[in-house]
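Colleague: Below is the structure I would like to discuss, written out as structure tokens.
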Amino acid sequence: MKIINILNTLFRSKTIKTENTQTYTTSAIEDSSVKSSYEPEMTNSEYIEINRYKLIDPWAWALILESKSTGERVYYVSEAPMSDLEKSIYGRIMKIIEWEIKPYKGGKDSSISYDLIREYFIDQVRRIVRVYSIKLGAVTRGVDWHKILYYLLRDTVGYGPLEPLMRDPYIEDISCDGVGKPVYIWHQMYESMPTNIRFNSDEELDSIVLKLAHIAGKHISVAFPIVDAILPGGHRLAATFKREISVGGSSFTIRKFREKPLSIVDLIIQRSINSLIAGYLWLLVEYKMPGIIMGVTGSGKTTMLNAIATLLRPNIKVVTIEDTPELRLTLENWVQLVSRPSYSLTGSKIGEVTLYDLVKVSLRYRPDVIIVGEIRGEEAYVLFQAIATGHGGLTTAHAESIYALVRRLTSPPMNIPQNYIPLMKWALLVKRIVLAREGKLSVYRRVSNIWEIRGPNDYENIAVWDPPIDSHRVNLSNSNLLRDIAQQTGLSLNDAIDEVKRRAYVLEQLALRGERDYRRVAEVVYMYYINPDRVLSSLGGPEI
């Protein structure tokens, strides 16, 4: 509980405002000027090492291990160990920090950001370490003060033993299910793996959950044992406290926010979609054809939504509505709305702002396109009403097929009338699938189907993923939406298909050249809207 006491001291006099745009990528914990000879050694003969990379230079490494007997993979965090003397000094300085550091006063503003407090605290810790390293210099030969400073900052302004995991760009989720259980992560290359990090007592686990809640600027206690919050950097936190509602003790899940979102070109390179599908979706969103992206949890719905939204015409007005701000668009004329839980601690809904409220108010902004991060309640009905009046719309929903989606939409609490279903012009299903690669099974994300919705029970399959060859079959000649676009512009269906192919060529060329950054892709999309011939010419011209 010592860390919590320090945080309480710092946060005592101000209201904390968490800045979601900040990350720990350039944290003061990392000191590139320090040259350390530390490199982890594998001593467990039951495992073989299949990969290693630095997490926090020069103090922490990630080792990917594989059991020789079972083939199970383990994510092993290896940090430079402290000697007994260094541990003793660490403990003494931690007590000094608790007594000496005063609450951050800041300016006159009643609300201050977590990052200002963090920088203030780092300066104070560095000052204390500098003073005591000089005082104890004669009796601390061989002590690595940089290492001690790393652990002090890790355990105070950082995430404690979770800090290396938070710094790994390949980790998407971090979770702990209870006392004595390993912390699990979801790795982009190796999928779900246990780590060597465990919280072996209720006090340890309760302390880390309290710390996470403090960092997020939220309250969690026995009386209110659930927290759903946003950590600095936009990471999503869900946690329970003690054994009030979680039998195994406190628990938490951190869903990490990607600083640089995947672009549509990234998805082409990863083979989630092909360039022809991307060109088709590009044309649909330009003409404000409403669409819905569906899939199960973790299938990549939000990633796909963000990538498709980047293809919108840059001068239109877009309003996004989310529970947690996950979308990262490059549009200037973009209003980002986020729901808010109630301020009340008694169960009433005082101050609550729901997705339903936000979708209603978004219509006052006269948006060209409304994007709802996920529909699951009465906000769906308002979104369909907005689409019916001519607004474009994009959203996601949990469903495993077009039929399951329609059942969800027409059932409580969404209650969309059957005859409203065709207002959503197209639906896309993204799946997390397992494929054999180089003798091993690996998890990938693929768009398995794209349907055009022609009626309440009439769906035309435009694109289908073929598992044996891991490729997509696309039939644009059956597209009614392309026919509608052709009629709007005075063109033929073949002209519309040729335009899809031109856009597909642009995105394919970006993929071949490795120009995948979402800002670069948005720049090319913007230039294409202004002068498509110049963009095509700069890329060598389409071969259609």
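The sequence shown: position 470 = 470 (the numbering used here), numbered continuously.
Here a beta-carbon is modelled for each residue, glycine too, at the ideal position from N, C-alpha and C.
What you are looking at is a predicted structure, and each value in this text was computed from that prediction instead of being measured.
1) What is the DSSP secondary structure of His219, reduced to helix, strand or coil?
2) Suppose you measure from the CA of Tyr529 to the CA of Ala504; what does that come to, to the nearest Å?
3) Would a C-beta distance cut-off of 8 Å place Ile208 and Gly142 closer than the cut-off?
4) Could you tell me if Pro189 is buried or exposed, where buried requires 16 or more neighbouring beta carbons within 10 angstroms of its beta carbon?
5) In three-state DSSP terms, what is Tyr444?
6) Rounded to the nearest angstrom, how far is the Cβ of Thr310 from that of Thr330, given a contact under 8 Å?
7) Are there 16 or more other CB atoms within 10 angstroms of the CB of Gly291, so buried, or fewer, so exposed?
8) Under three-state DSSP, which class holds Pro468?
9) Just to check my reading of the structure: Gly180 and Asn196 have Cβ atoms closer than 8 Å, yes? What is that Cβ distance to the nearest angstrom?
10) Is Ser251 helix, strand or coil by DSSP?
11) Note down, one range per segment and in chain order, each beta strand (DSSP E) of at least 3 residues found wholly within the stretch 374 to 422.
12) Pair every Cβ in the stretch 374 to 389 with every Cβ in the stretch 349 to 363, then say whether three or more of these pairs are closer than 8 Å.
13) Just to confirm the assignment, what range does the alpha helix (DSSP H) spanning Asn480 have?
14) Mapping the DSSP letters down to three states, classify Thr303 as helix, strand or coil.
15) Counting pairs of beta carbons, one from the stretch 463 to 481 and one from the stretch 445 to 453, are three or more of them closer than 8 Å?
16) What is the rounded straight-line gap between the Cα of Met304 and the Cα of Tyr120?
17) Rounded to whole angstroms, how far is the Cβ of Val500 from the Cβ of Leu476, which I believe are closer than 8 Å?
18) Check whether the Cβ atoms of Leu284 and Leu428 sit closer than 8 Å, and answer yes or no.
19) Specify, as a first and last residue, the run of the beta strand (DSSP E) that Glu49 falls within.
20) Between which residues of its own chain and Glu414 is the CB-CB distance below 8 Å, once the five residues before and five after are set aside?
21) Contact defined as beta carbons within less than 8 Å: I believe Ile370 pairs with Leu383. What is the distance between those atoms, to the nearest angstrom?
22) Whole angstroms are fine: how far does the CA of Thr253 sit from the CA of Leu55?
23) Helix, strand or coil for Tyr528, going by three-state DSSP, please let me know.
24) Let me know if His219 comes out buried or exposed under the rule of 16 or more other beta-carbons within 10 Å of its beta-carbon.
25) Quick check: the stretch 271 to 282 against the stretch 244 to 261, are there 3 or more CB pairs under 8 Å?
26) Taking the alpha-carbon positions, what's the Glu30 to Gly158 distance?
27) State the beta-bridge partners of Gln336 as determined by DSSP.
28) With distances taken between CB atoms, is the gap from Ile185 to Ile128 smaller than 8 Å?
29) CA-CA distance, Lys105 and Gly234?
30) Relative to the C-alpha of Thr354, which candidate in Pro341, Ile230 and Thr396 has its C-alpha closest?
31) Would you mind reading off the limits of the alpha helix (DSSP H) that contains Val361?
32) Do you know whose CA, among Ser479, Ala239 and Pro232, lies nearest Ile226's CA?
33) With 16 as the cutoff for other CB atoms within 10 Å, does Ala223 come out buried or exposed?
34) Does DSSP classify Tyr190 as helix, strand or coil?
35) Bridge partners of Ser67, per DSSP?
36) Just reading off the alpha helix (DSSP H) that Ile269 is part of, what are its end residues?
Modeller: Reading off the structure:
1) coil
2) 14 Å
3) no
4) Just to set this straight, residue 189 is Met in the shown sequence, not Pro. Met189 should be labelled exposed.
5) strand
6) 6 Å
7) buried
8) helix
9) Actually they are not in contact, since the Cβ atoms of Gly180 and Asn196 sit about 13 Å apart, beyond 8 Å.
10) strand
11) 392 to 398
12) yes
13) Asn480 to Thr489
14) helix
15) yes
16) 39 Å
17) 6 Å
18) no
19) Tyr47 to Ile56
20) The displayed chain sequence assigns Met, not Glu, to residue 414. Excluding sequence neighbours, Met414 sits near Ile375, Arg376, Gly377, Glu378, Ala380, Tyr381 and Arg408.
21) 7 Å
22) 20 Å
23) helix
24) exposed
25) no
26) Low local confidence applies: a pLDDT of 46 at Glu30 is under 50, so the model's placement there is unreliable, with the coordinate-based value given in what follows. Whole-angstrom Cα-Cα distance: 11 Å.
27) Thr320
28) no
29) 25 Å
30) Pro341
31) Leu355 to Ser362
32) Ala239
33) exposed
34) coil
35) Tyr47
36) Ile264 to Ile269
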